[in-house]
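Engineer: Right, I'll just put the structure down here and ask away after.
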Amino acid sequence: MTSELEDAQKNLKNALEKIGEEDYYEQLKEPERFVEVNIPVEMDDGGTEIFKAYRSQHNMARGPGKGGIRFSTRVNEDEVKALSLWMSLKCAIADIPYGGAKGGVEVDPSKLSESEEERLSRNYIDSIAEIIGENRDVPAPDMNTGAKHMAWMMDEYSEDERELIPGVITGKPVEAFGSKGRADATGFGAVYIIEQIIKDEGLEAEELTAAVQGFGNAAAPAVKKLKEIGVKVVAVSDASGAVYDSEGLSYSQLLECKSERGEICMIGEEISNAELLELDVDFLIPGAIEGVITEENAESVSADYIVEIANGPTTGEADDILRERDVTVIPDVLTNSGGVTVSYYEWVQNRSGEYWSEEKVLKKLRENIQGAYRQFRDLRDSEGLYGRDAAYMIGAEKIVQTIKARNY
Ligand code: GLU
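Below, the structure written as structure tokens:
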């Protein structure tokens, strides 16, 4: 199996060739800057543990670096580099003025106490403080990190700088300079794209079904929004298992269980995660981790659309199969760009000191992401392209144009 970085590089090379800009491949295949740090953290038992962590700044021609920080045992150099390359493309596709970056700490956060997590968050920010800043690189949440981590990190950075700098990080709690609407933005953004598809195809939302893999920060709000627009969510999963009901699952029941017990309840028929991916639904929405649609199951995917909320849920080998089978893929770099788009709105609010209503944030997000989708759809359809290729071409084109204009 190829790595995420190899897949991302292959797709980038292909896109640059298609737009006649292959000369830029050398500049864009690796990050501009990649930092590895080893962070000592004092544990509750008095001992010290060292955590390996990274920050990758892929390309900052279009603006400060932007991208989340993940806490996961799977974090490694190649993964963080790939994720930062995807962020460059994502910000360009969403047309927001940022380059791409990403960070990660190799850790199992479920093994840490709240105070250990706080010390790790603060020490991580200290260790990369020299290369971040509101005009340099602006981190945000990602897998296993959320608003509380961002608040600690913003606080740590501001303390060191001896002034309040809320714009150094986004995804903060609303009570601590965050933006209304940020928590729902990734999931809602994906469903705004689905709304546009329904409109384009002249479909009836009430007749459509979706299967959602995941019920975390990104996927749960998507489930909520799908129900709101009338699409039936027939299956949902999390790390504990998957549940199915052909009549549709209740979002509020799923949420109640998840917040009480930390996992979804079997409020319908219990199925396996593998079965969820093969359900005959209109929309299959991988919304959790990387590499779930693989060469083993890509032949069996029966959904009409794969709407990728997670980053990198489809492997390179699976992509080849889906491309061959003519499956419509709405790729991650477009689908999940709602998160970083509202991060941008948060940064604008932090810098202007004027805070917006949730209604305003979500309205702007909806217009922006549906506009990005239409641009993608038009290129894909006019040139008969596979979804991922069209998205990469749009992102790569914008990055290259800025590099040229600045002579970066
Ligand atoms: N981690 C999210 C992503 O992969 C959000 C990044 C951000 O808000 O900067 O897009």
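Mapping of the sequence shown onto the numbering used here: residues 657 to 1064, in sequence order.
C-beta atoms are modelled at their ideal positions from N, C-alpha and C, and glycine is treated no differently.
Got a sec, what are the start and stop residues for the beta strand (DSSP E) PHE727 sits in?
Structural biologist: Along the sequence shown, one-based indexing puts residue 727 at 71. Counting along the chain, the beta strand (DSSP E) containing PHE727 begins and ends at 721-728.
Engineer: Between SER893 and the rest of its own chain, which residues show a CB-CB distance below 6 angstroms, the 5 nearest in sequence each way excluded?
Structural biologist: Reading the sequence shown from its first residue, position 237 is the one you call residue 893. So the qualifying residues of the chain are GLN869, ASN929 and LEU932.
Engineer: Within 8 angstroms, do at least three Cβ pairs link the stretch 969-989 to the stretch 936-951?
Structural biologist: yes
Engineer: With 16 other CB atoms within 10 Å as the buried threshold, where does PRO696 fall?
Structural biologist: As a working mapping, residue 696 is identified with position 40 in the sequence shown. Answer is exposed; the Cβ neighbour count stays below 16.
Engineer: So, helix, strand or coil for THR704, using DSSP?
Structural biologist: The residue given as residue 704 occupies position 48 in the sequence shown. If DSSP states are grouped into helix, strand and coil, THR704 belongs with the strands.
Engineer: Would you mind giving the Cβ-Cβ distance between GLU705 and MET699, rounded to the nearest angstrom? I have them listed as a contact below 8 angstroms.
Structural biologist: As a first step, residue 705 is located in the sequence shown; it is residue number 49 there, counting from the start. As a first step, residue 699 is located in the sequence shown; it is residue number 43 there, counting from the start. So it is a contact: roughly 6 angstroms between Cβ atoms.
Engineer: Using 8 angstroms for Cβ pairs, my map puts VAL998 next to ALA841. What's the rounded Cβ distance?
Structural biologist: Indexing the sequence shown from 1 puts residue 998 at position 342. Indexing the sequence shown from 1 puts residue 841 at position 185. The pair is a contact, with the Cβ atoms about 4 angstroms apart (cut-off 8 angstroms).
Engineer: Taking the C-alpha atoms as reference points, what is the distance between ILE738 and GLU660?
Structural biologist: Working through the sequence shown from its first residue, we reach residue 738 at position 82. Working through the sequence shown from its first residue, we reach residue 660 at position 4. Here residue 738 is Ala; the residue named in the question, Ile, does not match the sequence. Roughly 6 angstroms between the two C-alpha positions.
Engineer: Between VAL899 and GLU926, is the Cβ-Cβ spacing less than 9 angstroms?
Structural biologist: Stepping through the sequence shown from its first residue, residue 899 is reached at position 243. Stepping through the sequence shown from its first residue, residue 926 is reached at position 270. Yes, Cβ-Cβ distance for VAL899 and GLU926 is below 9 angstroms.
Engineer: Shorter than 8 angstroms, the distance from the beta carbon of LEU933 to the closest heavy atom of ligand 1, or not?
Structural biologist: Here the question's residue 933 lines up with position 277 in the sequence shown. Incorrect: LEU933 has no Cβ contact closer than 8 angstroms to ligand 1.
Engineer: Closer than 5 angstroms between the C-beta and any heavy atom of ligand 1: which residues qualify, listed along the chain?
Structural biologist: LYS722, GLY724, ALA796, ASP798, GLY995, VAL996 and SER999
Engineer: Please state whether the Cβ-Cβ distance between ALA1047 and ILE941 is less than 9 angstroms.
Structural biologist: Stepping through the sequence shown from its first residue, residue 1047 is reached at position 391. Stepping through the sequence shown from its first residue, residue 941 is reached at position 285. Cβ distance not < 9 angstroms, so ALA1047 and ILE941 don't count as in contact.
Engineer: Using CA coordinates, which residue listed in LEU668, ARG726, PHE833 and LEU864 is at the minimum distance from ILE945?
Structural biologist: Locating residue 945 in the sequence shown gives position 289, counting from the first residue. Nearest C-alpha to ILE945: ARG726.
Engineer: Determine, using beta-carbon pairs with one atom in the stretch 827-841 and one in the stretch 997-1013, whether at least three such pairs fall under 8 angstroms.
Structural biologist: yes
Engineer: Give, in chain order, every unbroken run of the beta strand (DSSP E) that is at least 3 residues long and sits entirely within the stretch 1013-1048.
Structural biologist: none
Engineer: Just to confirm, is the Cβ distance from ALA757 to HIS714 under 9 angstroms?
Structural biologist: Within the sequence shown, the letter at position 101 stands for residue 757. Within the sequence shown, the letter at position 58 stands for residue 714. Yes, the pair counts as a contact, with Cβ atoms nearer than the cut-off.
Engineer: How would you write the range of the alpha helix (DSSP H) that ALA846 sits in, first residue to last?
Structural biologist: Taking the first residue of the sequence shown as 1, we reach residue 846 at position 190. ALA846 -> alpha helix (DSSP H) spans 838-857.
Engineer: Taking a contact to mean a Cβ-Cβ separation below 9 angstroms, would you say MET809 touches GLY755 in this structure?
Structural biologist: Taking the first residue of the sequence shown as position 1, residue 809 is located at position 153. Taking the first residue of the sequence shown as position 1, residue 755 is located at position 99. Against a cut-off of 9 angstroms, the Cβ pair of GLY755 and MET809 comes out as no contact.
Engineer: Put SER771 into one of helix, strand or coil per three-state DSSP.
Structural biologist: Numbered from its first residue, the sequence shown carries residue 771 at position 115. Of the three classes helix, strand and coil, the one that applies to SER771 here is helix, per DSSP.
Engineer: Keeping to the same chain, check which residues put their C-beta closer than 7 angstroms to that of VAL1068; ignore five residues upstream and five downstream.
Structural biologist: Not covered by the structure: residue 1068. The range shown for the chain is 657 to 1064.
Engineer: Please report the residue range of the alpha helix (DSSP H) in which THR991 lies.
Structural biologist: The residue given as residue 991 occupies position 335 in the sequence shown. In the DSSP assignment, THR991 falls within the alpha helix (DSSP H) that extends over 988-991.
Engineer: Would you mind reading off the limits of the alpha helix (DSSP H) that contains ARG981?
Structural biologist: To locate residue 981, count along the sequence shown from 1; it is residue 325. Its alpha helix (DSSP H) spans residues 972-981.
Engineer: Please check if any C-beta of chain D sits within less than 9 angstroms of the C-beta of GLN665.
Structural biologist: The structure shown contains no chain D; it holds only a single protein chain.
Engineer: Just to confirm, is the Cβ distance from PHE707 to LEU776 under 9 angstroms?
Structural biologist: As a first step, residue 707 must be located in the sequence shown, where it is residue number 51. As a first step, residue 776 must be located in the sequence shown, where it is residue number 120. Between PHE707 and LEU776, the CB-CB gap stays under 9 angstroms.
Engineer: Cβ of VAL889 within 9 angstroms of Cβ of ALA867?
Structural biologist: Here residue 889 corresponds to residue number 233 of the sequence shown, with the count starting at 1. Here residue 867 corresponds to residue number 211 of the sequence shown, with the count starting at 1. Closer than 9 angstroms, so yes.
Engineer: Please state whether the Cβ-Cβ distance between SER814 and VAL830 is less than 9 angstroms.
Structural biologist: Locating residue 814 in the sequence shown gives position 158, where the first residue counts as 1. Locating residue 830 in the sequence shown gives position 174, where the first residue counts as 1. The answer is no: Cβ separation not under 9 angstroms.
Engineer: Which one of PHE844, ARG792, GLN852 and LEU882 has the shortest CA to CA distance from GLU862?
Structural biologist: The residue you call residue 862 lines up with position 206 of the sequence shown. If we check each option's Cα against that of GLU862, LEU882 comes out closest.
Engineer: Using the Cα positions of THR1058 and ARG689, report the straight-line distance between them to the nearest angstrom.
Structural biologist: Counting from one through the sequence shown, the residue named residue 1058 turns up at place 402. Counting from one through the sequence shown, the residue named residue 689 turns up at place 33. Those two C-alpha atoms are separated by around 19 angstroms.
Engineer: So, helix, strand or coil for GLU925, using DSSP?
Structural biologist: Locating residue 925 in the sequence shown gives position 269, counting from the first residue. Of the three classes helix, strand and coil, the one that applies to GLU925 here is strand, per DSSP.
Engineer: Taking all protein chains shown into account, decide if ALA656 is buried (16 or more other Cβ within 10 angstroms of its Cβ) or exposed.
Structural biologist: Residue 656 is absent from the structure shown; the chain starts at 657 and stops at 1064.
Engineer: Could you tell me if GLN909 is buried or exposed, where buried requires 16 or more neighbouring beta carbons within 10 angstroms of its beta carbon?
Structural biologist: As a working note, residue 909 is residue 253 in the sequence shown. Counting other Cβ atoms within 10 Å of its Cβ, GLN909 stays below 16 and is therefore classed as exposed.
Engineer: Alpha carbon to alpha carbon, how far is THR1113 from PHE844?
Structural biologist: Lying outside 657 to 1064, the shown extent of the chain, residue 1113 is not represented and no answer is given.
Engineer: On the DSSP bridge list, what partners appear for GLU688?
Structural biologist: Translated into positions along the sequence shown, residue 688 becomes position 32. According to DSSP, GLU688 bridges with nothing at all.
Engineer: I'd like to check one pair, ILE850 with VAL887: are the Cβ atoms closer than 9 angstroms?
Structural biologist: Along the sequence shown, one-based indexing puts residue 887 at 231. Along the sequence shown, one-based indexing puts residue 850 at 194. Contact: yes.
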